[in-house]
Structure formats: C-alpha cells, structure tokens
Amino acid sequence: MVQAIDNKTALSEKIYVETQNFPIPEFTLENGETLYEVNIAYETYGNLNASRSNAILILHAFSGDAHAAFYHQGDTRPGWWDRMIGPGKAFDTDRYFIICSNVLGGCAGSTGPSSINPRTGKRYALEFPQITIKDMVNAQKLLIDHLGIDKLYSIAGGSMGGMQALQWLVSYPERVRSAIPIATTARHSPQQIAFNEVGRQAIMADPNWNYGNYYDGEIPRAGLAVARMIGHITYMSEKSMAEKFGRRTKAEEGKPRFHPDFEVENYLRSRGDNFVRRFDANSYLYISKAMDLFDVSEGRPLSEKFYGLQAKLLVLSYKSDWLYPAHQSLEIVSACKIAGVPVTYVDIEAHYGHDSFLVETEIQSQLVKNFLARVGD
Amino acid sequence: MEIPLVEPATERIDYRIILRLVEPKSRVLDMGCGDGELLYLLNKKLQTRSQGIEIDHDQIMKCVERGIHVLLGDLDSGLTDFQENSFDYVILNNALQELRYPDDVIKDALRVGKRLIVGFPNFAYIKARLQFFFLGKTPITPSLPFAWYESPNLHLLTIRDFKEYCAKRGFRILSEHYIRNNREIRLFPNLLAQWGIFMITR
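Sequences listed follow chains F and X, in order.
Going by this note's numbering, the final residue of the first sequence carries number 1055, and the count climbs one at a time with no gaps.
Going by this note's numbering, the final residue of the second sequence carries number 905, and the count climbs one at a time with no gaps.
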C-alpha cells in the first residue's frame, strides 16, 4: 500500500536536470579560423551502458538549446522535446543515454557572438566568425569523443537538427549506427533563404542593432521580435492557424490605432516578446546564415556522399509542412535509393505545419521508438 | 513495451514458395510489402538485405515495428531513382493487378532487379469461369474476393495471359508455381489454379 503511494508520487514528480559544460581550448573552423576557449553546453539523460553503445545524440533546431527534456530547477515548462524524451518515451531514457548540446554560435551556454572573446576581453559581436553546420557537428563530435563514445546508437533532429544529422552522416559515417533526419533538407531552397533574409533584415533595420554592438545598451528588441514573428508564420500551416485563432478578435475600447485586433496578432507579438528575452539577435544572424550556407553534398549529388553508408535511416516529413516540404525529404530518400542504402521514409499526416515535429508527436514517437528498437538487428 | 514479433515460419503458401525462390544473402525489394511479414521472414531465414515500398500508413507502422526498411510510395512511381541491378530480386506479390501501368512497372522492375517474382490471382480459375458463364456476373472467388464496385483490381489477368506477355516481351520464365486452396498444384494451371507465382528475368 505504502509502496503504491510512493510510486504514484514518484511518477508525478518532476525530474530536474542541469546543463553541463564542455570546454574546448582551441577549435579550428571550416574556414580555417580558430576560436579559443570555446564552451559547449550540453545535457544528458539516462545512463550510458557498460559497452557505451546506447548513446543517442539529439540535435536541436534553429532556436533550440541543450535543454531537450525534463525540468530545470524553478522552471514550469520542460525542455523542448520533452514529449519525445523520457522514461518509456520514443527516446527512452530507461534504455538509451541521451545527449543534447547547444550549437556553436548559439546563445544558450555554447560559445557564440554574445560570448566574451578571450583575446579582447569584450563580446565578439560581429568579430565572431561565420560558423557553419559542419562546425557545429565538429564541435559535437569532440563532445562525443570527450564522453568516450565511439559509435552513437543514433542521431536525431528536426529542421536544422536534421541538417546536422545529415552532416554527421557525411562527416562521420563510421561513428553512427542510425540517423533520424526529420522535416529537413540537404540544402535550403531560395524560398527558405528568402524567409531567413527577411528575418535578418528586420534585425539589422533596428537602430538598436548598431552593427551588432548592442551588448552594453538597448538590444534590437523590435527587430528580433519581427524576425521571430516571420519565423512563426512559416512554422505553422494555414490550417493550424485557422484552427488556433480563426478570425477571433479582442475588442478593446480606447486602444490606439493598429493595436492587435486579431488573436493571431496577439499570438505573434507575444511569441516575439518571449523570444527577445531568451535569444540573442546576433546569434539569430549567424545561425540563420549557417543554415542558408549549408549544402551537405557541396553542390554534388547527395547520393555520392551516401555510397557505402552502413547507418540505417529513418526519414520523416510532415504533410502540412510547407517550409520544409516533403520533396526535400524525398531528395534524401532518392540519394539512399541511388546509393543502395536501405531507408525508411514516411510523410506523416499532421496539420501543424513545420512545427509538427515538436508538437504533434504521436505517430513520430511510435515510428522513432520502433525504429530505434530494431537498429541493433 | 515489448514489440511482438512473428515467428519466422508462415502458413502462407505464397510466402513459402517465395522463400524457396530467393537465395540467401541477396538484395530484395518488395513492392507493396504490406505489413512486412514476407521481408521479415526473408531477412530472418535468408539474411537478405531488403527494402519495402508500401502506400498504406498503418501497414508501414507494422513494417517499422518488424524492423523492415520501408518507403512510403505508390508502386507505379516507386521504382524511380533505383539504379540498374540494385536488387537480386524484386517481388511483386498480389499487386500486379492493382497497378495502373503494369507493363511499365514490370519493365522497370526488371531494370532495377535481376529477377522479378510476381504473384497474381488467376482470372481464368474454373470457379470464376463458371460464375461468369452461368451467372453472367463478375466472379467472386477466394483469390478475387471483391465485388466490382469495391475492387482495387484494375488489370485482371490469367496465367495464360501472363505467359503470352512474357513471350511477347522476351522475358524468360525461370520458374512457375500454382496454388489452389493453399496447396501447390501442377496440372491445368490456367483452369485449376487460383494463384500463379512466376520468377522471370530479362
């Protein structure tokens, strides 16, 4: 009886985690430049087994961070992929050792443009070099080395996380047993670059941006918020917006002209405001540019990079995702077909748009869980 | 939650025949692989390196549960991008009659695969003939169980039709198997077989 009550309490109890730091004294970038005293923030969940063979690296999307699951002390909301990671979930922390790190160039613990440049004692701002997806992956690889993991059981991520997964397959194919690129692409289309550019222009048009030197004064709040609002529109679908907001209005007396009439306007503004509090505008510029510059096969057919690949692949796209449409995932699938790499591909029925991989995770969970269970077969 | 797995044994006579036709450790593509049972059996018993194509989402979920590599796709276009001789065997079991362009798919299957194993219901099976002749109705038999208004079948064919087709296209028949009531038969297949299973090559 007492045992039963204890179990119940244990189930409802929040599990708390902490971000850890991995210092890299000297890190050479793809473009030849060197960064000194680099830090990579990361979190781990679950336990590494004795043979060090159950590690899965989770790769976050554009505005994500190392905090993928569970709670930080004092937080009301869990990590960004808590639906997918935890005991009994798709990335089952009872079976796997889950690692997630903040990308190089980020602003949630890892070295980025808002970090102090050890050589000047001042924040990098635009002195920060243009990092790439490959640089992010190279930093992750050092972390995996540091954790003593020779071969990852899997790597998984959506959107920019999927790009990193593809880069892993190309850069370190012998270090991964399987990969799950979700709602992603081997390279950005002009449309995707265009949306990112509008976001960057919004930031740079804000006078507070001041060519990146705003760390001692007002931050480019308005510009960064607008960038985030544009992003959010592209992450949703017409249908999910219609369902969520309709044309519902917030009638309020005595408000100034062009105050938000519609709920969708309020939503976007609040999303923008929240984002400004946690994200650095310069990181926005650097990371979005890294995504635009990304081309995993460097202008060559992707299949050339996949010949001889031993890793098993699960490629997922979402029917309502118009930002990273299914044909971009199918290009990855085609490369597998040409290169003779066995692959599983599903275009998942979900209507939330690009963000489906974060919020509408039921089918995705089932597929990932079953796929992972058979990676060792 | 443990994922239930089927034993590597099967009641299905068509699967048993196909298991006999495929050589161990070969590369296999199953077009319309359904719930993945056949590929699972092939992988377990013959250590094949396999790939499935399937259009139905629920079936795909079952394939993934079984550890089968499966692509969501329709069969009329599913072979695109596969290179010549990517597979030792392409399997087209109980799907030929549902294709929109069977001729194109067979030709393409024999491009990506060295051999094609094709199984289909025989429209000239005696019970079908009798129903058609005496009742004047579209036949419904164990191998052709659908009423005309709900049938997925687009191109019904007979065993003789298929042999003529192979002769016309110059495809070589490597082996032929006939099934009636879940048993293999040999005599008068075009009259007595409910199913035919052929292995053909270029």
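Yeah, the Cβ is synthetic: ideal placement off N, Cα and C, and Gly gets one too.
Span of the alpha helix (DSSP H), counted from its first residue to its last, around residue i
i, result
"N1048 (chain F)", "E1040 to A1051"
"P868 (chain F)", "P868 to A883"
"E943 (chain F)", "E941 to R956"
"C766 (chain X)", "H760 to E768"
"C869 (chain X)", "I862 to R872"
"K830 (chain X)", "I829 to L833"
"M919 (chain F)", "E916 to F923"
"V644 (chain F)", "Since the first residue of chain F shown is 679 and the last is 1055, residue 644 (chain F) is not available in this structure."
"L980 (chain F)", "L980 to F984"
"V731 (chain X)", "Segment R730 to M734 is the beta strand (DSSP E) holding V731 (chain X); no alpha helix (DSSP H) there."
"V781 (chain F)", "Element bounds for V781 (chain F): n/a, residue is neither H nor E."
"L838 (chain X)", "Looking at the DSSP string, L838 (chain X) is not in any alpha helix (DSSP H), and its letter there is neither H nor E."
"V1037 (chain F)", "S1034 to V1037"
Under the three-state DSSP convention, the category residue i falls into
i, result
"A682 (chain F)", "In this prediction, A682 (chain F) has a pLDDT of 42, which is less than 50 and means its spatial position is unreliable; nothing more can be read from the coordinates."
"I822 (chain F)", "helix"
"V993 (chain F)", "strand"
"L741 (chain X)", "helix"
"P805 (chain X)", "helix"
"F790 (chain X)", "strand"
"W898 (chain X)", "strand"
"A1013 (chain F)", "helix"
"I843 (chain X)", "coil"
"G1054 (chain F)", "coil"
"I721 (chain X)", "helix"
"G840 (chain F)", "helix"
"V974 (chain F)", "coil"
"Q845 (chain F)", "helix"
"K747 (chain X)", "helix"
"E705 (chain X)", "Residue confidence is low: E705 (chain X) scores 46 on pLDDT, short of 50, so the model does not pin down where it sits. No coordinate-derived value is stated."
"R715 (chain X)", "coil"
"A968 (chain F)", "helix"
Where the beta strand (DSSP E) through residue i begins and ends
i, result
"V904 (chain F)", "Note, V904 (chain F): premise wrong, no beta strand (DSSP E); alpha helix (DSSP H) at R899 to Y913."
"V832 (chain F)", "According to the sequence shown, residue 832 (chain F) is Ser rather than Val. Where S832 (chain F) is concerned, the enclosing beta strand (DSSP E) stretches over S832 to G836."
"E757 (chain X)", "R752 to E757"
"F826 (chain X)", "F826 (chain X) -> no beta strand (DSSP E), and no H or E assigned at all."
"E805 (chain F)", "Segment: none, E805 (chain F) is in no beta strand (DSSP E) and carries neither H nor E."
"T706 (chain F)", "Q698 to T706"
"H880 (chain X)", "R875 to R883"
"T722 (chain F)", "T712 to Y723"
Proximity winner among the options, relative to residue i (alpha-carbon distances)
i, options, result
"R814 (chain X)", "X:S846, X:G735, X:N788 and X:I882", "X:N788"
"Y714 (chain F)", "F:A728, F:G724, F:P868 and F:F806", "F:F806"
"K830 (chain X)", "X:I843, X:R818, X:F823 and X:V821", "X:I843"
"Y1023 (chain F)", "F:L994, F:F1049, F:F1035 and F:Y1030", "F:L994"
"R955 (chain F)", "F:H866, F:R926 and F:A786", "F:A786"
"H760 (chain X)", "F:E1027, F:V974, F:G924 and F:L971", "F:E1027"
"A872 (chain F)", "F:K922, F:D970, F:S849 and F:P898", "F:D970"
"T712 (chain F)", "F:E921, F:L735, F:D813 and F:F1035", "F:D813"
"E941 (chain F)", "F:P934, F:K933 and F:K928", "F:K928"
"L894 (chain X)", "X:G755, X:D864, X:Y852 and X:Q762", "X:D864"
"Y749 (chain F)", "F:M838, F:D760 and F:G742", "F:D760"
"L742 (chain X)", "X:Y718, X:N884 and X:D784", "X:Y718"
"V695 (chain F)", "F:C778, F:G742 and F:N727", "F:C778"
"K765 (chain X)", "X:C736, X:V793, X:G776 and X:D779", "X:C736"
"S849 (chain F)", "F:N816, F:R978, F:Y1030 and F:G764", "F:N816"
Residue i burial status per 10 Å Cβ neighbour count (16 or more: buried)
i, result
"S948 (chain F)", "exposed"
"S856 (chain F)", "buried"
"I706 (chain X)", "Residue placement at I706 (chain X) is poorly supported in this model, since its pLDDT is 49, which falls under 50; the coordinates still yield a value, given next. Under this definition I706 (chain X) is an exposed residue."
"D999 (chain F)", "buried"
"D958 (chain F)", "buried"
"L804 (chain F)", "exposed"
"Y1002 (chain F)", "buried"
"P1020 (chain F)", "buried"
"K983 (chain F)", "buried"
"Q897 (chain X)", "buried"
"Q842 (chain F)", "buried"
"T754 (chain F)", "exposed"
"H745 (chain F)", "buried"
"Y889 (chain F)", "exposed"
"Q988 (chain F)", "exposed"
"V1037 (chain F)", "exposed"
"F769 (chain F)", "buried"
Worksheet item: Which residues, in order along the segment 994 to 1027 of chain F, keep a beta-carbon less than 8 Å from a beta-carbon of chain X?
Response: V1011, S1012, K1015, I1016, G1018, P1020, V1021, T1022, Y1023, V1024, D1025 and E1027
Discussion item. Output needed in chain order: residues of the segment 773 to 795 of chain X with a Cβ under 7 Å from some Cβ in chain F.
Written reply: V773, L774, L775, D784, F785, Q786 and S789
Practice prompt. Would you list, in chain order, the members of the segment 850 to 861 of chain F that have their beta-carbon closer than 7 Å to a beta-carbon of chain X?
Written response: none
Worksheet item: Any residues in the segment 729 to 752 of chain X with a beta carbon nearer than 9 Å to a beta carbon of chain F? Which ones, in chain order?
Response: R730, N746 and R752
Discussion item. If the cut-off is 7 Å on Cβ atoms, which residues from the segment 1033 to 1050 of chain F count as contacting chain X, listed in chain order?
Written reply: Q1044, L1045, N1048 and F1049
Discussion item. Give me the subset of the segment 761 to 772 of chain X whose CB atoms are less than 7 Å from a CB atom of chain F, sorted by chain position.
Written reply: I763, M764, V767, E768, G770 and H772
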